[in-house]
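Take the sequence shown: its letter number 159 is residue 159 in full-length UniProt numbering, and every next letter is one higher.
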Amino acid sequence: MNKYFKKSTKRSVISILSIAITLCLLFSLLFPGKAVNAAPRMRLNKTAVTLIQGKTVKLRVIGTKRKVTWKSSNKKIAKVNKKGVVKALSPGKCTITAKVRGKKLKCKVTVDTVERINAKKLYDLIRKKGKKGKGEEKNLRTISTKFRPKGTDDSIEVRITAYPEKGKLLFSYDYVLDSPCDSYHTELTMNLLKKKKGTISSSYRDLYVDPVHTHSVNGTISTLYDGKSQGLFLTECYDGADPDETYDDDVETSVPYKGKPRPDDISKGIYRINDAFANYNILLKKYGYSMKKIGFTKWKNTNN
């Protein structure tokens with residue numbers, strides 16, 4: 001009886017152990033664990049970086065001590081040396097590739113200027129904190145300031161409007177003199193995140209005469225504008241009476257000049273544009289910016 005019981009018990013234990021081993025093997029196949037001593041996966045310490053023009057960053061491959069070969073997809077935007085040091089050269093985007101034993105690891109590099117970064121921050125600030133437009137302008141956001149020049153009854157209003165298009169801004173300046181009754185208006189529309197010229201228009205209106213006399217110029221402008229003629233391309237001019245603004249329909253008016261700006265027209269336009277830039281700075285200063293900080297690095301107020 002005892003012998004039979006012992007044999008039966010032994011067979012049961014063996015069966016249980018067999019089942020346990022089988023289950024363990026099955027479990028390990030269904031849910032494989034990580035090897036304790038598995039080699040670490042190779043990777044770059046950075047997969048995307050944004051650099052200011054002229055700055056550098058060090059890339060390295062983690063998980064290997066083997067030789068690494070580095071390459072830039074566009075050496076005009078950013079270059080990389082054999083130690084993985086990347087230097088930002090000009091605005092744009094490129095890819096830095098590290099090659100180890102046939103395996104390629106990539107890092108996306110974006111190069112920007114300080115001015116472009118400032119322009120983006122200003123745009124984002126206006127879109128976030130600016131006053132919302134109404135009606136057809138509900139998608140616009142605007143910051144503004146109004147003040148009177150010291151010792152006068154004149155009025156000045158400066159506005160900067162951010163469009164839905166990323167980076168596109170409208171700078172507007174209005175100066176109304178109390179005496180004589182004149183007004184100045186200058187507008188600059190430009191996307192500071194794109195390498196394109198903006199549009200510029202500037203006008204002077206003598207409201208004291210009948211009909212109202214208007215002098216206006218318009219054209220294009222780039223961030224190379226220096227306060228003189230560089231970066232400014234005035235293409236149209238209007239100089240004369242405005243027949244739509246008259247107090248007496250019978251008053252005689254001379255034929256206004258319409259055409260390419262003459263030297264004197266250009267000088268008047270530059271003076272008004274510089275005056276507008278100086279007042280744009282008054283508003284921008286409230287937020288820690290200036291026309292130079294957002295891209296117009298060459299501008300100087302030549303009116304002084």
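Think of the CB as a built atom: it goes at the ideal place given N, C-alpha and C, for glycine as much as any other residue.
The region 229 to 240 and the region 257 to 273 touch, with no fewer than 3 CB-CB distances between them shorter than 8 Å. K75 and R101 have their C-alpha atoms spaced approximately 23 Å apart. When M42, I52 and K65 are compared, the shortest CA-CA separation from K87 is found for I52. For the 8 Å CB-CB criterion, S183 and Y173 do not form a contact.
In the three-state reduction of the DSSP assignment, I266 falls in the helix class.
Inter-segment contact for the region 142 to 155 and the region 79 to 93 is absent: fewer than three beta-carbon pairs are separated by less than 8 Å.
Take E187, set aside five residues on each side of it, and the residues of its chain with a beta-carbon closer than 6 Å to its own are S172 and S201, in chain order. The Cβ neighbour count for R41, taken over all protein chains shown within 10 Å, is under 16; the residue is labelled exposed. Under DSSP, the beta-bridge partners assigned to G259 are C237.
Beta-bridge analysis with DSSP links S254 to no other residue. Nearest to K285 by alpha-carbon distance, out of R159, D242, Q230 and T47, is R159. Taking the CA atoms as reference points, K268 sits about 44 Å from C94. Listed in chain order, the beta strand (DSSP E) runs fully inside the UniProt domain "BIG2" (38 to 110) are 48 to 52, 56 to 58, 69 to 72, 78 to 80, 85 to 88 and 92 to 100, counting runs of at least 3 residues. Taking 8 Å as the upper bound for CB-CB distance, N279 and I156 are in contact here, some 6 Å apart. If you compare the alpha carbons of L283, D275, G288 and Y287 with that of W299, the shortest gap goes to D275.
Counting other Cβ atoms within 10 Å of its Cβ, D210 stays below 16 and is therefore classed as exposed. Distance from the CA atom of R60 to the CA atom of V114, rounded to whole angstroms, is 26 Å. Judged by beta-carbon spacing, L105 lies within the 8 Å limit of R43, meaning their Cβ atoms are closer than that value. The beta carbon of K292 is closer than 7 Å to those of W299 in its chain, skipping five residues each way along the sequence. L170 has T161 and T189 as its beta-bridge partners, per DSSP.
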